[in-house]
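Participant: Submitted below is the structure of interest, expressed as structure tokens.
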Amino acid sequence: MSNLKLITNNHITGQDSERNLVAAISKATFAAPDEFFLGDLGNHNVMGAAVISGGLPEPKSDIVIKTLDREIGISMKKNNYEFLESWMDEAKLRGRLQTVGFDEPGAKVIIDGICDIIEELTRGMSEVIKQERTTFERYLKKMKPDYVFPQPISIEEKDQIAADNILFECKGKFRNPYHIANFYIPLSKLLGDAYYEFIKLVIAGDENDKKPAEGILVADIYPGGTIKELRQSLSLIQSVENAAKEQEISFDMWFRLRPVTKVRTTYSRTNRNKYKIGQRLWEDPDLGVSWTVSVAR
529 MSNLKLITNN HITGQDSERN LVAAISKATF AAPDEFFLGD LGNHNVMGAA VISGGLPEPK
589 SDIVIKTLDR EIGISMKKNN YEFLESWMDE AKLRGRLQTV GFDEPGAKVI IDGICDIIEE
649 LTRGMSEVIK QERTTFERYL KKMKPDYVFP QPISIEEKDQ IAADNILFEC KGKFRNPYHI
709 ANFYIPLSKL LGDAYYEFIK LVIAGDENDK KPAEGILVAD IYPGGTIKEL RQSLSLIQSV
769 ENAAKEQEIS FDMWFRLRPV TKVRTTYSRT NRNKYKIGQR LWEDPDLGVS WTVSVAR
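Numbering (my numbering), first residue to last: 529 to 825.
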């Protein structure tokens, strides 16, 4: 294990941590299963590990630890992790609310309240959204007279806009100068007694999840350490219940209301996907903006 090191550090991606932990466990158990203390989940005879592949919806578990009895799903988070549930449309949000105990009328009250807030926020930023489209479309038509909004543009065309127009340029690269802000609503005030159950849900998933998480590990893991350090890291695993209680006590979680404008869909496939999701929650098609909801802390 001399080439495996597991330490806390911020200069690593979440996917790197997942791969490094799986590699460490796999190496430690290559010859034979070994007993490990998995924090709140107790002692288990571990025989390997694997990264969980993505999908729609994305599974809550990032890795599985393979024991002699079963596979244990673990959600891995970086230190100071934030978003736990991203890009929810109305159906997904309603489903999450109902899973934690809201009936249909109760879920509708919360969703309607969020949509009322979104409508008010949209009115407040309507002039900025109009200016963004007018200016962007004017510059684009100068370069491409037959352009029809909101057709997607190429990377080369986006770079050309930056080269020709200082307004859309920053340090030689394309940058949209129009600030379209995100907004936050505290979940604890909206959800009341269901707040704790909601936290558990967004951490672990439910029975519809491809691989619900049984535990959560908050750590940044590097290659290059010892078996002792591997055991130390695995001992930090929290149960979903304890992780949810800790989050409930230490800070509030928030609904993040995120707008995407039609302009931003022209130069980003990710934004095009977000816009489509937002259309299923709230959209102003004339103004050209839709909104999604995420859960954040």
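Even glycine gets a Cβ: it sits at the ideal position worked out from N, Cα and C.
1. If we require 3 or more residues per run, which beta strand (DSSP E) segments fall completely within the segment 725-805?
2. Starting from the C-beta of residue 784, find all residues in its chain whose C-beta is less than 8 Å away, skip the five residues before and the five after it, and write them out in chain order.
3. Can you list, in chain order, the residues of its chain whose CB lies under 8 Å from that of residue 602, leaving out five sequence neighbours each side?
4. By Cβ distance below 6 Å, which residues in the same chain neighbour residue 775 in space, the five residues on each side in sequence not counted?
5. Just to confirm, is the Cβ distance from residue 540 to residue 569 under 9 Å?
6. Looking at residue 632: is its Cβ nearer than 9 Å to the Cβ of residue 622?
7. Using a 10 Å radius around the Cβ and a threshold of 16 neighbouring Cβ atoms, would you call residue 560 buried or exposed?
8. Rounded to whole angstroms, what is the Cα-Cα separation between residue 805 and residue 642?
9. When you compare only the Cα positions, how much space is there between residue 574 and residue 692?
10. Rounding to the nearest angstrom, what Cα-Cα distance links residue 752 and residue 547 in this structure?
11. Just reading off the alpha helix (DSSP H) that residue 640 is part of, what are its end residues?
12. Run the CB neighbour count on residue 763, radius 10 Å, all protein chains shown included, and call it buried at 16 or more, exposed below.
13. Pull the bridge partners of residue 824 from the DSSP assignment, please.
14. Measuring CB to CB, does residue 759 end up less than 9 Å from residue 558?
Facilitator: On the basis of the supplied data:
1. List check, beta strand (DSSP E) in window: 743-746, 782-789.
2. Contacts found: 611, 710, 711, 712, 821, 822, 823, 824.
3. 589, 590, 591, 592, 593, 741, 742, 743, 744, 745, 765
4. 727
5. no
6. yes
7. Exposed is the call here.
8. Using only the alpha carbons, I get a separation of about 16 Å.
9. 59 Å
10. 13 Å
11. In this chain, the alpha helix (DSSP H) harbouring residue 640 covers 632-671.
12. exposed
13. Under DSSP, residue 824 shares a beta bridge with 782.
14. Contact: no.
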